[in-house]
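Q: Letter by letter, the sequence shown follows residues 1 to 798 of UniProt numbering.
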Amino acid sequence: MFKSYLKTTFRSFFRNKLFSGLNILGLAVSMASSILIFLWVQDERSYDKFNEHANDIYRLTARVSDIDAAVVPVPIAMAVRDEVPAVKNVTRLASLQCMVTTGMQKFEEKRIYYADSNFLHIFTYPLLLGDAASLLTHPEEIVLTEASATKFFGSPQNAMGKTLHIDNNYKGNDLLVTGVLKDIPQHSHLQFDMLVPIQQYDKTINQQQAWGNFDVYTYLQMNEHFHATAPALASLQQQIMNTYRKHDDSKTNGTLFLQPLSDVHLRSHYMLDVPGQGNHQQVLIFSLVAVFILAVAAINFMNLSTALSGQRAREVGMRKTLGAFRFQLMLQFLSEAVLLSFISLGIGIIIAWALIPLFNQLSGKAMMLHLLNIKMIGMLLAIAVVVGLLAGSYPALFLSSFNPVKVLKGVKMLHGGKTYFRNGLIIVQFAIAVILMISTIVVYSQLQFIRKMDIGYNKEHLLYVPIPRLGDLVQRQQAFKTAMSQYPEVDNYSFVSHLPTDMPTGTKAVQWEGKTPDDDIVFPQMWTDDHFVGTFGMRMKLGRFFSENFKGDNNNYVVNETALKAMRIAPETAVGKKLTLDSRAGQIIGVVKDFNFKPIQQPIQPLIIRNGSDGNFNGNTGYVVLRTTPANMSQRLVVMKKVFQQIYTDFPFSFGFVNQDLANLYLAEQRMGKLFNVFSALSIFISCLGLFGLTTFATQQRIKEIGVRKVLGASVSGIVGMLSKDFIKLVLWALVIAFPVSAWMMHKWLQDFAYHIRLHWSFFAAAGVAALVISFLTVSYQSVKAAMTNPVKSLRSE
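#1: Just mark methionine 368 as buried or exposed, buried being the case when its beta carbon has 16 or more other beta carbons within 10 Å.
#2: Which two residues bound the contiguous beta strand (DSSP E) that contains tyrosine 114?
#3: Identify the residues that DSSP records as bridge partners of tryptophan 527: which are they?
#4: May I ask which residues mark the beginning and end of the beta strand (DSSP E) holding glutamate 108?
#5: Taking its Cβ as the centre, do 16 or more other Cβ atoms sit within 10 Å of isoleucine 377, making it buried, or is it exposed?
#6: What ranges does the alpha helix (DSSP H) occupy inside the region 144–203, keeping only unbroken runs of at least 4 residues that lie completely in it?
#7: Do tryptophan 40 and the ligand GTP come close, with the Cβ less than 8 Å from some heavy atom?
#8: According to DSSP, simplified to helix, strand and coil, what is glutamine 277?
#9: Should the region 70–79 be called in touch with the region 212–224, which here means at least 3 C-beta pairs below 8 Å?
#10: Please name the residue, chosen from Gln332, Gln191, Thr137 and Gln602, that lies closest to alanine 147 on a Cα-to-Cα basis.
#11: According to DSSP, is alanine 69 helix, strand or coil?
#12: Drop a sphere of 10 angstroms on the beta-carbon of histidine 760, count the other beta-carbons inside from all chains shown, and report buried for 16 or more, exposed for fewer.
#13: Please state whether the Cβ-Cβ distance between threonine 124 and histidine 53 is less than 9 Å.
#14: Give the straight-line distance between the Cα atoms of glycine 416 and methionine 453, rounded to the nearest whole angstrom.
#15: For the region 689–696 against the region 441–461, do three or more pairs of beta-carbon atoms, one drawn from each stretch, fall closer than 8 Å, so that the two count as touching?
#16: Is lysine 508 buried or exposed, if buried means 16 or more other CB atoms sit within 10 Å of its CB?
#17: Kindly list the residues whose CB is nearer than 7 Å to the CB of serine 46, restricted to its own chain and excluding five residues on each side of it in sequence; keep chain order.
#18: Run through DSSP, which three-state label would phenylalanine 449 get?
#19: In whole angstroms, give me the CA-to-CA distance for arginine 671 and leucine 36.
#20: Tell me the residue span of the alpha helix (DSSP H) that contains serine 268.
#21: For leucine 345, does the three-state DSSP call read helix, strand or coil?
#22: Within the chosen definition, does the region 717–729 reach the region 565–580 through at least 3 CB pairs nearer than 8 Å?
#23: Take every Cβ of the region 633–653, pair it with every Cβ of the region 460–467, and state whether three or more of those distances are shorter than 8 Å.
#24: Run through DSSP, which three-state label would valine 658 get?
#25: Going straight from the alpha carbon of glycine 590 to that of lysine 598, what length do you get?
#26: Can you give me the C-alpha to C-alpha distance between serine 287 and valine 41, rounded to a whole angstrom?
#27: Thinking threonine 145 and leucine 181 are a contact (beta carbons under 8 Å), I'd like their distance in whole angstroms, please.
#28: Based on the DSSP output, what are the partners of isoleucine 57 in its beta bridges?
#29: Out of curiosity, what's the CA-to-CA distance linking methionine 633 and aspartate 530?
#30: Note down, in chain order, each residue of its chain lying with its Cβ closer than 8 Å to the Cβ of glutamine 635, except the 5 sequence neighbours on either side.
#31: Would you check if the distance between the CB atom of methionine 222 and the CB atom of isoleucine 57 is smaller than 9 Å?
#32: Taking buried to mean at least 16 other C-beta atoms within 10 Å of its own C-beta, is isoleucine 774 buried or exposed?
#33: Can you tell me which of Asn677, Ile441, Leu542 and Gly543 puts its alpha carbon nearest to the alpha carbon of arginine 758?
#34: What's the gap between the Cα of isoleucine 706 and the Cα of tryptophan 353?
#35: List the whole-angstrom C-beta distance separating valine 80 from leucine 266, where the pair is believed to meet the contact cut-off of C-beta under 8 Å.
#36: From this set, Ile450, Asn300 and Gln511, which residue's C-alpha is nearest arginine 422's C-alpha?
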């Protein structure tokens, strides 16, 4: 039976080469697109699943005032471990930037975590060398990854038993290498090069019992009796909050939450989170895009198959006359659809395999198509079968319903089945394509808005150099200034504790005139010198900035406009207001106009700027930021490097640009925009394939009518209009559906940004016009061709 089906399938294929080719091409392109998207989705959803206890691990997060943070107080971990029965174990991580010395070489390292000794028992990071039971148990030891061991000592074997000198926040320690881990899996949300016992962090920061400071990542491992039901999780969270309130002597009024490990990568919107997090909304959006593209191709198949149904009517009639049952005919047509789907899958796999390098470049991934992977094979087979069954279901139902008596008597069945259904499919198909087009326009416009928006300072041509501030190096800032003074052409620079792209969370230890007990505000803070406003091109709203002419400025403060509003201080009374920060009393001497120091997904926060002209500001690394121009950038970079190497003889020189760092904050959105461009174009292409096929079929069916009309004097434009108008009407109906749906979707997406564009009518007009023009050109090609045909030839063909 199936052998007969195969023969019939290939016979039908070669009889209608054009339409079968269009079906296969559309399905192949859509399957290739879906394979690439599903690979990306699978990659994003696979984070942290390699951990043996992944389902039992939760991260503690916090909300303080209106700020959500990925860090919690240091002592909460031990309190929860001791007082909450469901918690089997806890581990803490803290991240600090350190200077690492080995021999005569120094390295600035940013991927260092201070960890509890049980960290490697809770998380599954394979050990290459060392004793797993004793790692991180002694304060003066360190664990490296394979890559960092090779970097520092040439090989993991050479690293064992060697010493690394670590400088962190004014303290130096010699640490013994006691273990080497295999390189951290790519799909771990925690990416690090070395682990140091957390006792070093406690000793350095000296806040083992600081309940008011939110500094460490804290993970809980549940015991084997805990079942993660909604009531159980709610009860557990309440127990943790009770423990926190019992011990918290800082009166911070924070709230703690539980986050499953499986949610950390995709559902993190927290400040001070680990870098490289994903976006659950983007995963959902692209999953829908994959389904949409498959749906567009399946609709093509349905439409072309039903349109060609009249050519197979006699075949159906003969089979029914010879005793074939309806379910057998349905099985035959479904088999044909599934077979074509598998042929398309084979071509789609080849296309996807060829495009993976380009897709990786667009998405920032390093994915591979593993055809021998069981899950991958299952996914591909499922795609082929599901698409084949969906695409072939309606044609199978329709073709198998033909009345054999009427068919064999020569009564023509309605070509293509009920035209309402087929027209509905065309509308859905183009609605999907237009939704993707509008989404592309909105994403692109939002990215343009981000690039061009006024962020409160001139971000262009700001060169920065990290300045080590460890041990006695704090005093070198003055030496740096003295050395720079020898180059009068390099005069527009400033020292800052933080760049606008890496500001810390902040502090609540702020007092001001008029503060009430209900004022629960977190203030980010930064230290800088008197050249800050000039170098960055900022604007003062009120008062003045720090100046070396005012000796009392060391204890004074500058705030931003948002801080003024948060403290409910009237602008006319702001200058001169008393303000105390970390027990350091001073006054507000100026108000700087608001500037963005967080990604624009987040609103501007109240900011306090402190005077760091004497070099005595917080942190183990600061920056010197230099204003350049395209003409003098190379020259000034040479000067900066020369001065740096003169003052910081034993530290590596590095530099960056503020505008590039800002652009990197929106890499995910940029990649999303590029991918939307590609997939919306593919959706339009596949839709046009179907429209081309249907137009070709329609003109073939009306070839005699076209000939008669031409003999009677019809013009080419009139015939083109006659053949095109019905299809154009369907595209217009598609626009009616696509506009409100895309408006709702893009409105939801834009809500993720504190500052965003408005949905403008021109976005919809541009997509609508593009869809109409593309569809008209597609239809017109066949229409013009038919209209230009010699009418004598057309009439003879009948």
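Backbone N, C-alpha and C define an ideal beta-carbon position, used for all residues, glycine too. All figures in this text were calculated on a predicted structure; none of them were measured in a lab.
A: Judging by the given coordinates:
#1: exposed
#2: 112–115
#3: Arg610
#4: 105–109
#5: exposed
#6: 146–153 and 156–159
#7: Looking at this structure, you won't find the ligand GTP or any other ligand, since it has none at all.
#8: coil
#9: yes
#10: Gln191
#11: strand
#12: exposed
#13: yes
#14: Because the pLDDT at glycine 416 is just 43, under 50, the model does not fix this residue reliably, and the value given afterwards should be weighed accordingly. One C-alpha to the other measures close to 53 Å.
#15: no
#16: buried
#17: His187
#18: helix
#19: 14 Å
#20: Premise fails: serine 268 is in no alpha helix (DSSP H) and is neither H nor E.
#21: helix
#22: no
#23: yes
#24: helix
#25: 22 Å
#26: 7 Å
#27: 5 Å
#28: Gln221
#29: 23 Å
#30: Glu489
#31: yes
#32: buried
#33: Ile441
#34: 45 Å
#35: Their Cβ separation, rounded to whole angstroms, is 25 Å, which puts valine 80 and leucine 266 out of contact at 8 Å.
#36: Asn300
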